[in-house]
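Participant: Okay, here's the structure, questions in a sec.
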Amino acid sequence: MDFNEAFYKDAYLKEADAVVISCEPCKKGYRAVLSDTIFYPEGGGQPSDRGYLVTGDGTRVVVKDVKRNAEDMVELFLESPVSPGDPVHQVIDWDFRFSLMQNHSGEHIVSGLINREYGFENVGFHMSDVITIDISGELRREQLLDIEKKANRAVWKNIPVDIIYPDQHGLGSLNYRSKKELSGKVRLVNIEDTDSCACCGLHVRNTGEIGLIKILSSIRYKGGVRLEMVCGEKALLDYERKLDSITEIKNALSVKPEEVTEAVKHVLEESAEKSGRIALLNNRYFDMRTAELQGVDDIIFTVEKDLDAQEIRKLCDRLNRSGKAGTSVVLAPADMKEASGEACLYVIGSTKHDLKAAAKTLNEVLKGRGGGSKEMIQGTFYADAESIKRAVYEAFGG
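Residue numbers for the sequence shown, in this note's numbering: 732 to 1129.
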């Protein structure tokens, strides 16, 4: 056991006393070393602990980060200074720490089972709101469901999570996982019949404390798969959020929970059918407007109050392809308001002018935003339709 690493002596220490060895200012505030610390430094894929120190006069000093320095000492990064030689009382955020321990131990079970069942390695690991694991080979959904069931069975068995420090002779006879070649003192996390892995992180005492293991997603990644998973309270909270969502959908559609999937499919099918009918009606409307609109000074100008940005683009494209005018301008009133007055969505298409070059001038004159290609530009003008019409005719008329 190394100097000032109380977290390895007992990962369940929530509070402990220590003496300040050193404290100096740094970019992160103040950097301190204690005689012994329960604060785990970032490492092994596990984030650092958080919490605070209490000085002799009762002042709380927030611990912002914890890391190892070049001399392998654990350093605490503090919001305010503490005095070398003074005693301090350490308090870690236990809920945060225990959640990390649950999730880290759960990850070992999943990675260990994948390795034992399929021979694939965990080649990448990150802990944040969810655990991300990169596996060296591809796994199908049914294979992952099987791994998840076996992982939770390992939790129910309440297997001891043993931390061992084998010597080099003993290490050579052990079958364990590691991302790199190891030398010197090696720390192994061993879960009987499930996993044995070199790891510097903190873990629960028994698998039963993990609570629940849930694989959330799987995508192909660099010849293997990237998994997202959660354990313990995070898994419970994830279930609660999803149950709340299903309940809202169930109530909105007036169906039973087991009928939600089919009901949603039915709604989507109906929506797609309606979208198809709307598209057909829009096309008829675009044809009608293209037939009736006439150009003035080689410009067609129209304000369409009931169309959205995508629809005015389609109408402008239809007008442009009709050949009735060299330039087509389609506006639609926008919802937003500026201090200068009205706002209009615009689409301008032209077969005769370089619109990309003209867009900058029009945007300056009309307080607009947007752009596009030589043939078509779109965006928002913060001006009324008449002002836009005058500016367009000045730019492209004749």
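Even for Gly, the Cβ is constructed at its ideal location relative to N, Cα and C.
Remember, it's a predicted structure, so these values are computed and weren't measured experimentally.
Tell me, please, which residues DSSP counts as bridged to V822.
Facilitator: Within the sequence shown, numbered from 1, the residue matching residue 822 stands at position 91. Beta-bridge pairing links V822 to E746, Y783.
Participant: Tell me, please, which residues DSSP counts as bridged to L765.
Facilitator: Position 34 of the sequence shown holds residue 765. L765 is bridged to V751.
Participant: Would you mind reading off the limits of the beta strand (DSSP E) that contains A1063?
Facilitator: Taking the first residue of the sequence shown as position 1, residue 1063 is located at position 332. 1058-1064 is the extent of the beta strand (DSSP E) around A1063.
Participant: Where does the unbroken alpha helix (DSSP H) through C930 begin, and where does it stop?
Facilitator: Locating residue 930 in the sequence shown gives position 199, where the first residue counts as 1. From DSSP, C930 is part of no alpha helix (DSSP H); its letter is neither H nor E.
Participant: Which residue's Cα is closest to the Cα of G782: R791, A763, D1066?
Facilitator: On the sequence shown, position 51 is the one that residue 782 refers to. For the residues R791, A763, D1066, the minimum Cα distance to G782 belongs to R791.
Participant: Are the Cβ atoms of S948 and C928 separated by less than 8 Å?
Facilitator: The residue you call residue 948 lines up with position 217 of the sequence shown. The residue you call residue 928 lines up with position 197 of the sequence shown. For S948 and C928, no; Cβs fall outside 8 Å.
Participant: For the putative contact between V813 and C754, defined by C-beta atoms under 8 Å, what is the C-beta separation to the nearest angstrom?
Facilitator: Counted from its first residue, the sequence shown places residue 813 at position 82. Counted from its first residue, the sequence shown places residue 754 at position 23. 5 Å between Cβ atoms; contact.
Participant: Which residue wins for smallest C-alpha separation from D788, given the options G774, N1051, I977, D817?
Facilitator: As a first step, residue 788 is located in the sequence shown; it is residue number 57 there, counting from the start. Nearest of G774, N1051, I977, D817 to D788, Cα basis: D817.
Participant: Sorted by chain position, which residues of the same chain lie with C-beta nearer than 6 Å to T1082's C-beta, five sequence neighbours on each side aside?
Facilitator: For the purposes of this step, residue 1082 is identified with residue 351 of the sequence shown, where counting begins at 1. These residues qualify, in order along the chain: G1057.
Participant: Indicate, with yes or no, if the ligand FAD has a heavy atom lying under 7 Å from the CB of Q1025.
Facilitator: Looking at this structure, you won't find the ligand FAD or any other ligand, since it has none at all.
Participant: DSSP three-state label for F827, please.
Facilitator: Within the sequence shown, the letter at position 96 stands for residue 827. If DSSP states are grouped into helix, strand and coil, F827 belongs with the helices.
Participant: Below 8 Å on the Cβ atoms is my guess for R762 versus E806; work out the distance and round it to an integer in Å.
Facilitator: For this step, residue 762 is matched to residue 31 along the sequence shown. For this step, residue 806 is matched to residue 75 along the sequence shown. Yes, R762 and E806 are in contact; Cβ-Cβ is about 5 Å, under 8 Å.
Participant: Using CA coordinates, which residue listed in I1108, K1045, D1115 is at the minimum distance from D1066?
Facilitator: Taking the first residue of the sequence shown as position 1, residue 1066 is located at position 335. The residue with the shortest Cα to Cα distance from D1066 is D1115.
Participant: Using only alpha-carbon positions, find the residue among S1053, Q874, V785 that is nearest to Y849.
Facilitator: Locating residue 849 in the sequence shown gives position 118, where the first residue counts as 1. Checked all of S1053, Q874, V785; the closest Cα to Y849 is Q874.
Participant: Bridge partners of V920, per DSSP?
Facilitator: Position 189 of the sequence shown, counted from the start, is the residue given in the question as residue 920. V920 pairs with I894, C928.
Participant: Work out the CA separation of E1000 and A1074 for me, nearest whole Å.
Facilitator: Sequence index remark: in the sequence shown, residue 1074 carries index 343 (1-based). Sequence index remark: in the sequence shown, residue 1000 carries index 269 (1-based). Each residue's alpha carbon lies about 36 Å from the other.
Participant: Can you check DSSP and say which residues form a bridge with E959?
Facilitator: Position 228 of the sequence shown, counted from the start, is the residue given in the question as residue 959. Partner(s): T863, S948.
Participant: Report the option in D860, N846, M832 whose CA atom is closest to the CA atom of K881.
Facilitator: Your numbering for residue 881 matches position 150 in the sequence shown. The shortest Cα separation from K881 among D860, N846, M832 belongs to N846.
Participant: Compare the C-alpha of L1038 against each of I1079, D1018, F1032, L1062 and name the closest.
Facilitator: In the sequence shown, the residue the question calls residue 1038 occupies position 307. Residue L1062 is the option with its Cα nearest to L1038.
Participant: Which residues in the same chain as A885 place their Cβ atom closer than 6 Å to its Cβ, once the five residues preceding and following it in sequence are excluded?
Facilitator: In the sequence shown, the residue the question calls residue 885 occupies position 154. Excluding sequence neighbours, A885 sits near I840, T925, T938.
Participant: Can you name, in chain order, every residue of its own chain whose Cβ lies under 8 Å from the Cβ of S1104, other than the five neighbours on each side?
Facilitator: The sequence position of residue 1104 within the sequence shown is 373, counting from 1. L1086, K1087.
Participant: Can you give me the C-alpha to C-alpha distance between H835 and H934, rounded to a whole angstrom?
Facilitator: Taking the sequence shown and counting its residues from 1, one reaches residue 835 at position 104. Taking the sequence shown and counting its residues from 1, one reaches residue 934 at position 203. So the two alpha carbons sit approximately 7 Å from each other.
Participant: Please name the residue in S830, T863, G760, D824 whose C-alpha comes closest to that of F808.
Facilitator: For this step, residue 808 is matched to residue 77 along the sequence shown. Among S830, T863, G760, D824, the Cα nearest to that of F808 belongs to G760.
Participant: I'd like the list of long-range same chain contacts for K1045, defined as Cβ closer than 8 Å, with 5 residues on each side in sequence excluded.
Facilitator: Locating residue 1045 in the sequence shown gives position 314, counting from the first residue. Answer for K1045: N1013, F1017, listed in chain order.
Participant: Given T1111, which residues of its chain have a CB within under 8 Å of its CB, disregarding the five upstream and five downstream residues?
Facilitator: The sequence position of residue 1111 within the sequence shown is 380, counting from 1. Result list for T1111: A1065, M1067, A1074, C1075, L1076, Y1077, G1099, R1100, G1101, in chain order.
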